[in-house]
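A.B. asks:
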Amino acid sequence: MTAPVIRNLLLAALLLPASAAAQSVSPSSIPTQHNEATVAQLQAQMASGMLTSEQLTSEYIARIIALDQNGPGVNAVIELNPDALVMARNADALRKRGVVLGPLHGIPVLLKDNIDTGDKMQTSAGSFALVGMPASRDSTVAANLRAGGAVILGKTNLSEWANFRSFESISGWSGRGGQTHNPYGIDRNPCGSSSGSGAAASANFATVSFGSETDGSIVCPANANGVVGIKPTVGLTSRAGVVPISHTQDTVGPHGRTVADAAAALSVIQSRSFDGRDPATSGVPLGWQGTGKTRPKNIPTDYTKFVNPNGLQGARLGVTRVGLGGFDPNVPTPQSVLDGFEAAVDELTTAGATVIDLDAQGFNFAPADGEFLVLLFDFRNDVGAYFATRVGVPVAGGTLQSAIDFDNAHADVEMPFFNQDIFDLANALAPGPNDPQP
52 MTAPVIRNLL LAALLLPASA AAQSVSPSSI PTQHNEATVA QLQAQMASGM LTSEQLTSEY
112 IARIIALDQN GPGVNAVIEL NPDALVMARN ADALRKRGVV LGPLHGIPVL LKDNIDTGDK
172 MQTSAGSFAL VGMPASRDST VAANLRAGGA VILGKTNLSE WANFRSFESI SGWSGRGGQT
232 HNPYGIDRNP CGSSSGSGAA ASANFATVSF GSETDGSIVC PANANGVVGI KPTVGLTSRA
292 GVVPISHTQD TVGPHGRTVA DAAAALSVIQ SRSFDGRDPA TSGVPLGWQG TGKTRPKNIP
352 TDYTKFVNPN GLQGARLGVT RVGLGGFDPN VPTPQSVLDG FEAAVDELTT AGATVIDLDA
412 QGFNFAPADG EFLVLLFDFR NDVGAYFATR VGVPVAGGTL QSAIDFDNAH ADVEMPFFNQ
472 DIFDLANALA PGPNDPQP
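Residue numbers (the working numbering): 52 to 489.
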C-alpha cells in the first residue's frame, strides 16, 4: 500500500510503448537480445522454431544470476523456481504437437512473493513468519498461468506484508528478501509494495511479472521503474491464495515493458468465471450477493485488441501535481522531475488528449482516513483467514497476534529498521465494525 498522492503518476504508463499488439510479427524483426523482445515477438520466434522456451528461460536465469544476485545487485527476485526449466520443456513439447495454450505459452513470468504457488517455492510476503512448508495449492492466478502455458520462473521481493506492517516501512525491503533496488539507479526508491515485480520487469528478468495492489502497489512501482502496470478492477482477477490486506480493495495485476505485454498478461490471469474461493469474482458489488445478479458475460478474453496507438484521441485527462515530488511536503521537488512530468503532459496533448489542470480548478483529493480504518478492520480478519490455509509455517492457523508475537521473538531479522505499529493498530480493533474501537 502506498499513499493516494501517487495517482497522478498513472500518466507515466500511458506514455510507454504500445507496440506488439495482436498484429503479426516477423521473427527476423526481433531484437538479438531476447530480454528486449515483447510477448508477441517471442511467440513469433518460438512459432518459427528460432527459439525455444527452454532457451529463453535459461537466458533469464543467467541474467538474474549476473545482474540480480551479482553485479549491480538489483535484488528483485527473492527465489527462483527449481522446476522452471521443466515447465519450459513441457511448453516446448506441447508446441511441437501444435498445442499453444495462450499468449503466455512458454513465456517466463515472475510472481510477487505474496501469491501462492503449490510447488517447491515459498510464499512468505517477505516475512520469515510464513517461511516453512510451501503453500498447499496454487493461487487462482498461478493456476491460470499454468493453464495458459506460462513458465513460472520465480518469486519477486516486496515491501514486507505488502507495506502494511509499519508507517516507517521501507519500499522494497523485507526481512526475508532484503532491499530491492531500482534498476535505473541502485540508490533510488523502487516504490512498493510490488517493488520486485516492477524492478524485475524493468531489468528484463522476465518477460512480464505480477504484483498486487491495495492502494498504489502496482502503479507506483510501474512509475518508479519505468514500466507499465495495470491495476485491475477488484474481482476481475481472483485474490484466492494471495496474502491479503483488504478483501474490499486487493487486486492482482501485471507489470510489463509495453502496454501490449501487460494487456496479454491480464488476459491470462483474469477470472473468466466465478471463483468460489473469492466472492468478488462474481462481478456483484459487495453487499449485493443473493440479489440474483451474476458475473457480466461481456468480459473480454483478449485485452491486446484494445491496444491502440491513437487511443488518446479525444480523451479528457485530469492532471494534478500534488505530491509529485514525493510524500514529504517539506522536501522540494527536483527540477528534473518537474521538467519530466511536464514533458509527459505535453506528450499526452500531442497524442490527442485534452488535459485538464485539476489544481487550477481547485480540485482536492479526499482524505484517506476512512480508507485506512477499513483496511485495518479488513486486515485483522482477512490475514487470519489466510493463515488458516497454511500449514508448516510459524503462523499457520494463527491470527494477526501470531504474526506480532513472531516478529517480537525474531526482532533481529524482522524489525532491524522499523517496528510493527500498523499490525498493533489493526490487532487492537474490536472484531466487529459496530463494536467499540480504541
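Glycine included, every Cβ here is placed at the ideal spot set by N, Cα and C.
(1) By the DSSP assignment, the beta strand (DSSP E) with arginine 367 in it spans what residues?
(2) Just grab the DSSP bridge partners of asparagine 233 for me.
(3) Between which two residues does the beta strand (DSSP E) containing valine 202 stretch?
(4) Between Ser244, Glu393 and Asp379, which has its C-alpha nearest glutamate 211's C-alpha?
(5) Taking DSSP as the reference, what is the three-state secondary structure of histidine 156?
(6) Rounding to the nearest angstrom, what Cα-Cα distance links alanine 479 and isoleucine 473 in this structure?
(7) State the Cα-Cα distance for the pair isoleucine 112 and alanine 250, rounded to the nearest angstrom.
(8) Mind checking which residues open and close the beta strand (DSSP E) that includes phenylalanine 261?
(9) Compare the Cα-Cα distances from serine 99 to each of Asp134, Asn208 and Arg146 and report the closest residue.
(10) Helix, strand or coil for serine 42, going by three-state DSSP, please let me know.
(11) Quick check: the Cα distance between alanine 460 and asparagine 276, rounded to an integer number of angstroms?
(12) For glycine 435, which residues of its own chain have a beta-carbon under 8 Å away from its beta-carbon, when the five flanking residues on both sides are left out?
(13) Going by Cα to Cα distance, which pick from Phe179, Leu102, Val137 and Gln120 is closest to aspartate 463?
(14) Note down, one range per segment and in chain order, each alpha helix (DSSP H) of at least 4 residues found wholly within the segment 111 to 163.
(15) Please identify the residue among Asn432, Ala402 and Gly421 whose C-alpha is closest to the C-alpha of leucine 363.
(16) Taking the CB atoms as reference points, tell me whether glycine 304 and isoleucine 269 lie closer together than 7 Å.
(17) Measure the alpha-carbon distance for glutamate 264 versus alanine 273 and round it to whole angstroms.
(18) Under 7 Å, do glutamine 173 and proline 159 count as touching if we go by C-beta distance?
(19) If alanine 127 sits next to asparagine 208, beta carbons under 8 Å apart, how far is it from one beta carbon to the other, in whole angstroms?
(20) According to DSSP, simplified to helix, strand and coil, what is glycine 286?
(21) Cutting at 6 Å between CB atoms, please list the residues of its own chain near alanine 404, excluding the five before and the five after it.
(22) How far does the alpha helix (DSSP H) with valine 310 in it reach, from first residue to last?
(23) Rounding to the nearest angstrom, what Cα-Cα distance links isoleucine 81 and alanine 142 in this structure?
(24) Out of curiosity, what's the CA-to-CA distance linking leucine 409 and proline 445?
(25) Taking DSSP's pairing of strands, which residues face proline 305 in a bridge?
(26) Taking DSSP as the reference, what is the three-state secondary structure of valine 279?
(27) In the DSSP assignment, what residue or residues form a beta bridge with threonine 405?
(28) Report the residue from Ser175, Asp326 and Ala194 whose alpha carbon sits nearest the alpha carbon of alanine 454.
(29) Use the C-beta contact count for threonine 288: other C-beta atoms within 10 angstroms, 16 or more gives buried, fewer gives exposed.
(30) Is it right to say isoleucine 502 is buried, meaning 16 or more other beta carbons lie within 10 angstroms of its own, or is it exposed?
(31) According to the Cβ coordinates, are alanine 139 and glutamate 105 closer than 7 Å?
(32) By alpha-carbon positions, which one of Leu131, Tyr437 and Pro123 ends up nearest to serine 109?
C.D. replies: Let me lay it out:
(1) Position 316 of the sequence shown, counted from the first residue, corresponds to residue 367. 367 to 370 is the extent of the beta strand (DSSP E) around arginine 367.
(2) The residue you call residue 233 lines up with position 182 of the sequence shown. Answer is Gly236, bridged to asparagine 233.
(3) The sequence position of residue 202 within the sequence shown is 151, counting from 1. For valine 202, the enclosing beta strand (DSSP E) stretches over residues 202 to 207.
(4) As a working note, residue 211 is residue 160 in the sequence shown. Taking glutamate 211 as reference, the option from Ser244, Glu393 and Asp379 with the minimal CA-CA separation is Ser244.
(5) The count along the sequence shown starts at 1 and reaches residue 156 at position 105. The answer is coil: DSSP assigns histidine 156 none of H, G, I, E or B.
(6) Locating residue 479 in the sequence shown gives position 428, where the first residue counts as 1. Locating residue 473 in the sequence shown gives position 422, where the first residue counts as 1. Separation of alanine 479 and isoleucine 473 (C-alpha to C-alpha, rounded to the nearest whole angstrom) is 10 Å.
(7) Along the sequence shown, one-based indexing puts residue 112 at 61. Along the sequence shown, one-based indexing puts residue 250 at 199. If you draw a straight line from the Cα of isoleucine 112 to the Cα of alanine 250, it is about 15 Å long.
(8) Here residue 261 refers to the residue found at position 210 when the sequence shown is read from its first residue. Start and end: 259 to 264.
(9) Along the sequence shown, one-based indexing puts residue 99 at 48. Taking only the C-alpha atoms, the option nearest serine 99 is Arg146.
(10) Past the boundaries of the shown model lies residue 42; the chain is included only from 52 to 489, so the question cannot be answered.
(11) As a position in the sequence shown, residue 460 is number 409, starting the count at 1. As a position in the sequence shown, residue 276 is number 225, starting the count at 1. If you take the alpha carbons of alanine 460 and asparagine 276, they lie about 35 Å apart.
(12) Position 384 of the sequence shown holds residue 435. Once the five neighbours on either side are set aside, the close Cβ partners of glycine 435 are Gly449, Thr450 and Leu451.
(13) On the sequence shown, position 412 is the one that residue 463 refers to. Of the candidates Phe179, Leu102, Val137 and Gln120, the one whose C-alpha sits nearest the C-alpha of aspartate 463 is Phe179.
(14) Counting whole runs of 4 or more residues, the segment 111 to 163 contains the alpha helix (DSSP H) stretches 135 to 147.
(15) In the sequence shown, residue 363 corresponds to position 312, counting from 1. For the options Asn432, Ala402 and Gly421, the alpha carbon positioned closest to that of leucine 363 is the one of Ala402.
(16) As a working note, residue 304 is residue 253 in the sequence shown. As a working note, residue 269 is residue 218 in the sequence shown. Against a cut-off of 7 Å, the Cβ pair of isoleucine 269 and glycine 304 comes out as a contact.
(17) In the sequence shown, counting from the first residue as 1, residue 264 sits at position 213. In the sequence shown, counting from the first residue as 1, residue 273 sits at position 222. Their backbone Cα atoms lie some 12 Å apart in a straight line.
(18) Sequence index remark: in the sequence shown, residue 173 carries index 122 (1-based). Sequence index remark: in the sequence shown, residue 159 carries index 108 (1-based). No, the Cβ-Cβ distance between glutamine 173 and proline 159 is not below 7 Å.
(19) Within the sequence shown, numbered from 1, the residue matching residue 127 stands at position 76. Within the sequence shown, numbered from 1, the residue matching residue 208 stands at position 157. Confirmed, Cβ separation roughly 6 Å.
(20) Residue mapping note: residue 286 aligns to position 235 of the sequence shown, counting from 1. Note: glycine 286 maps to coil in three-state DSSP.
(21) Translated into positions along the sequence shown, residue 404 becomes position 353. The answer, listed in chain order, is Leu363, Ala366 and Leu368.
(22) Stepping through the sequence shown from its first residue, residue 310 is reached at position 259. Per DSSP, valine 310 belongs to the alpha helix (DSSP H) from 310 to 320.
(23) Here residue 81 is taken as the residue at index 30 of the sequence shown, counted from 1. Here residue 142 is taken as the residue at index 91 of the sequence shown, counted from 1. For isoleucine 81, the pLDDT reaches just 48, beneath the cut-off of 50, and the residue's location in the model is therefore unreliable, leaving the point undetermined.
(24) Here residue 409 is taken as the residue at index 358 of the sequence shown, counted from 1. Here residue 445 is taken as the residue at index 394 of the sequence shown, counted from 1. Going from the Cα of leucine 409 to the Cα of proline 445 covers about 48 Å.
(25) Walking along the sequence shown from the start, residue 305 turns up at place 254. Answer is Phe261.
(26) Walking along the sequence shown from the start, residue 279 turns up at place 228. Of the three classes helix, strand and coil, the one that applies to valine 279 here is strand, per DSSP.
(27) Locating residue 405 in the sequence shown gives position 354, where the first residue counts as 1. Arg367, per the DSSP bridge assignment.
(28) Within the sequence shown, residue 454 is the residue found at index 403, counting from 1. If we check each option's Cα against that of alanine 454, Ser175 comes out closest.
(29) Counted from its first residue, the sequence shown places residue 288 at position 237. Buried, because 16 or more other Cβ atoms sit within 10 Å of the Cβ of threonine 288.
(30) For residue 502 there is no data in the structure shown, the boundaries of the chain being 52 and 489.
(31) Along the sequence shown, one-based indexing puts residue 139 at 88. Along the sequence shown, one-based indexing puts residue 105 at 54. Result yes, Cβ atoms of alanine 139 and glutamate 105 sit closer than 7 Å.
(32) As a working mapping, residue 109 is identified with position 58 in the sequence shown. Here the closest residue by C-alpha is Leu131.
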